[in-house]
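S.K.:
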Amino acid sequence: KQEVTQIPAALSVPEGENLVLNCSFTDSAIYNLQWFRQDPGKGLTSLLLIQSSQREQTSGRLNASLDKSSGRSTLYIAASQPGDSATYLCAVRNYGGSQGNLIFGKGTKLSVKP
Amino acid sequence: EADIYQTPRYLVIGTGKKITLECSQTMGHDKMYWYQQDPGMELHLIHYSYGVNSTEKGDLSSESTVSRIRTEHFPLTLESARPSHTSQYLCASSPGTGENQPQHFGDGTRLSIL
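Residue numbers (our numbering), protein chains in the order written: chain E, 1025 to 1138; chain R, 17 to 130.
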């Protein structure tokens, strides 16, 4: 059974710092891995999707990497801003199972202090 | 960019009532999903649909039911609400083609059963 773990559960940094959020998964047979952002009381916003054949994806100040063999992904945020404060969720899509089913981690709650 | 709408955003209601949570998307996506999220916990898939007249149960057992009579609508119904149904319910959609399409989420319905 696929399990997704995110470390740390919470992180507080001063504005301007570069930071890394970690995600690990137990079953490497995945189609893709997706990083989401969730603001309080809101739904999820898709940030980056990395296909199983890819090593990384970049969007603006965000860079996500994938090491499928070791079951790990990282989300790198450069030059953090207070507006980056949110909960960041990692999710994997397995081969087989429910069509399109995503397995989520519990998230990392990020707070960027001005 | 997918537009996906959920109503109501918040609902507080007494035990035993019948509840329908609405979800609509305007992008013509074939696949739609319902997730349940308790505070501080992972999202879990409770229902999904490949298209019109297609519904399947997800990995997390739920007493709710869904229907897909039209492509754009995917309502979720609880016939007799109980306090154990208190949670946040998130609807998502994705295009029917390709295995590496990101899921787009609504803002969720926060349900509280007294």
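Note that beta-carbon positions come from the ideal geometry of N, C-alpha and C, so glycine has one too.
1. In the DSSP assignment, what residue or residues form a beta bridge with E/Asp1091?
2. Mind checking E/Gln1062: buried by the 16 CB within 10 Å criterion, or exposed?
3. Using a Cβ-Cβ cut-off of less than 9 Å, list which residues of the region 110-121 of chain R approach chain E; keep chain order.
4. Among R/Thr125, R/Leu94, R/Arg86 and R/Thr71, which has the Cα closest to the Cα of R/Lys34?
5. For R/His89, does the three-state DSSP call read helix, strand or coil?
6. Assuming E/Gln984 is part of the beta strand (DSSP E), what are its boundary residues?
7. Spell out a yes or no on whether the region 1040-1050 of chain E and the region 1091-1100 of chain E are touching, meaning 3 or more CB-CB pairs, one atom from each, closer than 8 Å.
8. Have a look at the DSSP bridge pairing and note the partners of R/Glu72.
9. Once you ignore the five residues that flank E/Leu1071 on each side, which residues in its own chain have a CB closer than 7 Å to its CB?
10. Tell me, which residues are paired with E/Ser1135 by DSSP?
11. In chain E, which residues lie less than 8 Å from R/Leu106 when you measure between Cβ atoms?
12. Among E/Asn1056, E/Thr1069 and E/Leu1068, which has the Cα closest to the Cα of E/Glu1080?
13. Please report the straight-line C-alpha distance between E/Lys1066 and R/Leu127, rounded to a whole angstrom.
14. Spatial neighbours of E/Ala1053 within its chain, please: C-beta separation below 7 Å, excluding the five flanking residues on both sides.
15. Distance check for E/Cys1114 and E/Leu1090, CA to CA, integer angstroms please.
16. Given a limit of 7 Å on CB to CB distance, which residues of the region 1093-1119 of chain E reach chain R?
17. According to a CB-to-CB cut-off of less than 9 Å, which residues of the region 43-62 of chain R neighbour chain E?
18. Based on the DSSP secondary-structure assignment, which residues constitute the bridge partners of E/Asn1046?
19. Does the beta-carbon of E/Ile1101 have 16 or more other beta-carbons within 10 angstroms, so that it is buried, or is it exposed?
20. Give a yes or no on whether the minimum CB-CB distance between E/Lys1137 and chain R is below 9 Å.
21. Run the CB neighbour count on R/Val68, radius 10 Å, all protein chains shown included, and call it buried at 16 or more, exposed below.
22. Could you list which residues in chain R have their beta carbon closer than 7 Å to that of E/Phe1128, in chain order?
23. From R/Gly124 to E/Ser1077, what distance separates their C-alpha atoms?
M.R.: If we stick to the structure as given:
1. E/Arg1096
2. buried
3. Ser110, Glu115, Asn116, Gln117, Pro118, Gln119, His120 and Phe121
4. R/Leu94
5. strand
6. Lying outside 1025 to 1138, the shown extent of chain E, residue 984 of chain E is not represented and no answer is given.
7. yes
8. R/Tyr64
9. Trp1059, Phe1060, Arg1061, Ser1083 and Leu1086
10. E/Ser1036
11. Gly1067 and Leu1068
12. E/Asn1056
13. 14 Å
14. Asn1118 and Tyr1119
15. 11 Å
16. none
17. Lys47, Tyr49, Tyr51, Gln53, Gly56, Met57, Glu58, Leu59, His60 and Leu61
18. E/Ile1031 and E/Thr1098
19. buried
20. no
21. exposed
22. Glu58 and Leu59
23. 32 Å
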